[in-house]
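*Asks:*
Residue numbers (mature numbering (1 follows the signal peptide of the UniProt record, and there is no 0)): -20 to -1, 1 to 781.
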């Protein structure tokens, strides 16, 4: 099949330009047959004028143009499309050749995209596993050969009637002329209808083996800063394996990830809403995706933010984004708030009273930087992050792996404490082999034993590459470029992982032979290693392909590995990743600040995957030190970090904070009396408190398993439970000791605030609490316990802010 049309210099801006600046991206159009089309984009450089412009053609027998700016050929010859906008006129030459030459419509590149556009092969229609009403298509058109057979040959070809195409059941149902459960999808006589009709009339041929295939999809424009209620027409272009380019705007599907900011219709017209922010509009065609980013500023763009002084590149790149969006940041927090915030984020605990007093009394300019270094060098840092990684890697004591779970937990903690390079840490997990005593990370494989090949493949992609590859096991990923070949290529690296029987867990090893009975459905053979977005790997029987996979991950040019960890750390410290969700790094879910993420990832690689270095860069930035109190300029910001996003402490940290404030211990059976919740090696320790506050059950690798939402059980536990009452009134607790020591009321209140909130109470708080404790003849101990109860139930205590 030859190219449907050629458009020269599609990306040359201003090639067809009026004196005052009205421009069109397309200088001229050449159509090679009557099935082509081209979406014009007209603007004045700042505003899209495509739908405001007026169009006319000098020769309707050659080409016509819609009011939407879409050009279609009608016959051979030449014509000129005149565009009138803002009192100016552009002229775009059009040449058509090959119309009426009997060229067959190509099934794979022209019919299958229409099935996707109209939802025929979606999961809710004929694309679901069982099909619909006896007619089944491959999901999202990932198997054109199967689809052609289903449409043209199945049921003895009853769906098509080449002798009278309009009487084909395929068109009659699609156009609603006979009853169709999916409703009317086509308008008789429309462009889509005519393409399908022509294909049927030509005998409904299958695609030739050498037919050009889509190799790249692009969208114009790539991004725009828009005002509320503004329109922007999009144009989608596909590049093919023979070097040709065609407009596929009318053959693509469009979807916005945030309709409140920017919605899109079936023809690619974007309209912004009343909400400020950023939206990603996806165009999908033949398994490829392209993304347009709509930015709706929170205010007028600014040239400078004088009150914000950048400390490092994190600040500089964030400020650049704020200027574009008209965002003004909240002020930097005071020392007490910073101390509490960074101690919780780095060590998973509250600062001690002694730490708080020393830090607040320190007047040196670099004390925040020194505090970060002190916390990173403390044993609490590896303990907290070992808990975090233990949840992500699903370290569990199930199936008799109690001792292995302890060993894996301790191995993770040691790697973090020694600040071993991240690629070394990943290699220890992905390429684990041997006895659990020597290679504790084999507990990760053991917990995946029921579906070892597929679960391991999906987990490696999601955890270490930020790619959710599960969909591609069965079909092409609907919102990404990944297909079954990519999925089974990654699975091939784990097809030779073997284990010796059963145990707690048993030894794992790299076998010389394939150890799984799974087959690649595309080849019918065992999965063979293939690097994502790369070549097929060639390995000898004595090789362990998993090491080659980690080597590929650690290459400086790898586009996934360093970004995935950088985004995960950013999300930990800011409550939201640059990509949201943390482990969903795909083109159709673009980061809020791609330049910043690129800089973090590059810095991480330059410093040889030094995790502590990357953490220091993040938490010593001024952006991290911003107040959580919104101002009029950033109160609606949810993704650009113009303020700190306050969030409830994780379950384990919160329980430890309650115990620390009350002066009580964790009381977990099977571990030391001083063990904290963040020290627990797995999820098998009973605790109603931890479960109520959504401790992860470690059944998935997604950090979304840990919820920070509020529930009635949480409210009742804090406000009216024996557990909290017993902690507050514990005979060996903080308040009981103070009362025995006859500590003055003012001192008790002062220290309660320092313990729980890392700050001294205000004069108003002192007055109110003192009056409550001393007046009315109340029991002093009960009264001060009530003050503690009130603090524990306050948002200021529960939230890291």
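A virtual CB, placed ideally from N, CA and C, is assigned to each residue, including glycine. Given the structure is predicted, the values throughout are model-derived calculations rather than measurements.
Which residue marks the beginning of the beta strand (DSSP E) containing residue 53, and which one marks its end?
*Replies:* Position 73 of the chain shown, counting from 1, holds the residue named residue 53. Note, residue 53: beta strand (DSSP E), 50 to 53.
*Asks:* Distance, Cα to Cα, residue 625 vs residue 213?
*Replies:* Position 645 of the chain shown, counted from the start, is the residue given in the question as residue 625. Position 233 of the chain shown, counted from the start, is the residue given in the question as residue 213. So the two alpha carbons sit approximately 34 Å from each other.
*Asks:* Put residue 285 into one of helix, strand or coil per three-state DSSP.
*Replies:* Taking the chain shown and counting its residues from 1, one reaches residue 285 at position 305. In the structure shown, residue 285 sits in coil (DSSP, three-state: anything other than H, G, I, E or B).
*Asks:* Who does residue 252 pair with in a DSSP beta bridge?
*Replies:* Counting from one through the chain shown, the residue named residue 252 turns up at place 272. Its beta-bridge partners are 242.
*Asks:* So for residue 519, helix, strand or coil by DSSP?
*Replies:* Within the chain shown, the letter at position 539 stands for residue 519. Three-state result, residue 519: coil.
*Asks:* Taking 8 Å as the cut-off, decide whether the C-beta atoms of residue 820 and residue 232 are in contact.
*Replies:* The displayed coordinates of the chain run from -20 to 781. Any statement about residue 820 would go beyond what the structure contains.
*Asks:* Assign residue 780 to one of three DSSP states: helix, strand, or coil.
*Replies:* Taking the first residue of the chain shown as 1, we reach residue 780 at position 800. Three-state DSSP puts residue 780 in a strand.
*Asks:* Return the CA-CA distance between residue 17 and residue 122, expressed in angstroms with no decimal places.
*Replies:* Within the chain shown, numbered from 1, the residue matching residue 17 stands at position 37. Within the chain shown, numbered from 1, the residue matching residue 122 stands at position 142. Taking the straight line joining both Cα atoms gives about 24 Å.
*Asks:* Use the C-beta contact count for residue 439: other C-beta atoms within 10 angstroms, 16 or more gives buried, fewer gives exposed.
*Replies:* Your numbering for residue 439 matches position 459 in the chain shown. Buried, by the Cβ-count rule.
*Asks:* If you follow the alpha helix (DSSP H) that residue 178 is in, where does it begin and where does it stop?
*Replies:* Translated into positions along the chain shown, residue 178 becomes position 198. Where residue 178 is concerned, the enclosing alpha helix (DSSP H) stretches over 171 to 181.
*Asks:* Based on Cα-Cα distance, which residue from 515, 312 and 524 lies nearest to residue 494?
*Replies:* Locating residue 494 in the chain shown gives position 514, counting from the first residue. It is 524 whose Cα lies nearest to the Cα of residue 494.
*Asks:* In this structure, does DSSP put residue 73 in helix, strand or coil?
*Replies:* Within the chain shown, numbered from 1, the residue matching residue 73 stands at position 93. Residue state, collapsed to three classes: strand.
*Asks:* Quick one: using the 10 Å Cβ neighbour count with 16 as the cut-off for buried, is residue 71 buried or exposed?
*Replies:* Working through the chain shown from its first residue, we reach residue 71 at position 91. The residue in question, residue 71, is exposed, as its Cβ has fewer than 16 Cβ neighbours within 10 Å.
*Asks:* Can you tell me where the alpha helix (DSSP H) with residue 758 in it begins and where it stops?
*Replies:* Residue mapping note: residue 758 aligns to position 778 of the chain shown, counting from 1. Premise fails: residue 758 is in no alpha helix (DSSP H) and is neither H nor E.
*Asks:* What is the rounded straight-line gap between the Cα of residue 489 and the Cα of residue 475?
*Replies:* The residue given as residue 489 occupies position 509 in the chain shown. The residue given as residue 475 occupies position 495 in the chain shown. Near 12 Å, if we compare the C-alpha coordinates of residue 475 and residue 489.
*Asks:* Excluding the five sequence neighbours on either side, which residues of its own chain have a C-beta within less than 6 Å of the C-beta of residue 496, listed in chain order?
*Replies:* On the chain shown, position 516 is the one that residue 496 refers to. Excluding positions up to five away in sequence, the list reads 433 and 475.
*Asks:* Check the DSSP bridge columns for residue 200 and list the partner residues they point to.
*Replies:* The residue you call residue 200 lines up with position 220 of the chain shown. 215.
*Asks:* Residue 796 and residue 435: beta carbons closer than 8 Å?
*Replies:* As shown, the chain starts at -20 and ends at 781. That puts residue 796 outside it, with no answer to give.
*Asks:* If you run the structure through DSSP and keep just helix, strand and coil, what is residue 505?
*Replies:* On the chain shown, residue 505 is found 525 positions in, with the first residue counted as 1. If DSSP states are grouped into helix, strand and coil, residue 505 belongs with coil.
*Asks:* Exposed or buried, residue 464, counting other C-beta atoms within 10 Å across all chains shown (16 or more means buried)?
*Replies:* For the purposes of this step, residue 464 is taken as the residue at position 484 of the chain shown. That one is buried.
*Asks:* Quick check on the burial criterion: 16 or more other C-beta atoms within 10 angstroms. Buried or exposed for residue 208?
*Replies:* By one-based count along the chain shown, residue 208 stands at place 228. The residue is exposed, with fewer than 16 neighbouring Cβ atoms inside 10 Å.
*Asks:* Tell me residue 274's beta-bridge partners as DSSP assigns them.
*Replies:* As a working mapping, residue 274 is identified with position 294 in the chain shown. According to DSSP, residue 274 bridges with 204 and 259.
*Asks:* Using the beta-carbon count (16 or more within 10 Å), is residue 777 buried or exposed?
*Replies:* Residue 777 sits at position 797 when you count from the first residue of the chain shown. Residue 777 is buried by the Cβ-count criterion.
*Asks:* Can we count residue 380 as close to the ligand FAD, meaning its CB is less than 7 Å from some heavy atom?
*Replies:* As far as ligands go, the structure on display features none, and thus does not contain the ligand FAD.
*Asks:* If you drop the 5 nearest sequence neighbours on each side, which residues of the same chain put their C-beta closer than 8 Å to that of residue 592?
*Replies:* For the purposes of this step, residue 592 is taken as the residue at position 612 of the chain shown. These residues qualify, in order along the chain: 356 and 399.
*Asks:* Give the list of continuous alpha helix (DSSP H) stretches no shorter than 4 residues that lie fully inside the stretch 120 to 153.
*Replies:* Those alpha helix (DSSP H) runs which fall completely within the stretch 120 to 153 and span 4+ residues are 124 to 128 and 134 to 137.
*Asks:* In terms of residue numbering, what span does the alpha helix (DSSP H) encompassing residue 551 cover?
*Replies:* Residue mapping note: residue 551 aligns to position 571 of the chain shown, counting from 1. It spans 541 to 554 - the alpha helix (DSSP H) in which residue 551 sits, taken as one unbroken run.
*Asks:* Below 6 Å CB to CB, which residues in the same chain sit around residue 49 once its five sequence neighbours on both sides are set aside?
*Replies:* Taking the first residue of the chain shown as position 1, residue 49 is located at position 69. The answer, listed in chain order, is 20 and 30.
*Asks:* Distance, Cα to Cα, residue 741 vs residue 730?
*Replies:* Counting from 1 along the chain shown, the entry for residue 741 is found at position 761. Counting from 1 along the chain shown, the entry for residue 730 is found at position 750. About 6 Å.
*Asks:* Taking the alpha carbon of residue 411 as the point to measure from, which residue in 572, 528 and 380 has its own alpha carbon closest?
*Replies:* Translated into positions along the chain shown, residue 411 becomes position 431. If we check each option's Cα against that of residue 411, 528 comes out closest.
*Asks:* From residue -20 to residue 169, what distance separates their C-alpha atoms?
*Replies:* Translated into positions along the chain shown, residue -20 becomes position 1. Translated into positions along the chain shown, residue 169 becomes position 189. For residue -20, the predicted structure reports a pLDDT of 38, less than 50, and the residue's modelled location is therefore unreliable. The matter cannot be settled from this model.
*Asks:* At a Cβ threshold of 8 Å, is residue 610 touching chain B?
*Replies:* Reference to chain B is not applicable here, since this structure consists of a single protein chain.
*Asks:* Can you grab the Cα-Cα spacing for the pair residue 772 / residue 639, in whole Å?
*Replies:* Mapped onto the chain shown, residue 772 falls at position 792. Mapped onto the chain shown, residue 639 falls at position 659. Taking the straight line joining both Cα atoms gives about 10 Å.
*Asks:* On the DSSP bridge assignment, give the partners of residue 490 in chain order.
*Replies:* Taking the chain shown and counting its residues from 1, the one referred to as residue 490 is at position 510. Paired residue(s): 477.
*Asks:* I'd like to confirm the pairing. Which residues does DSSP put opposite residue 18 in its beta bridges?
*Replies:* On the chain shown, residue 18 is found 38 positions in, with the first residue counted as 1. Residue 18 is bridged to 51.
*Asks:* Spatial neighbours of residue 406 within its chain, please: C-beta separation below 7 Å, excluding the five flanking residues on both sides.
*Replies:* If you number the chain shown from 1, residue 406 lands on position 426. Taken in chain order, the residues that qualify are 444, 530 and 533.
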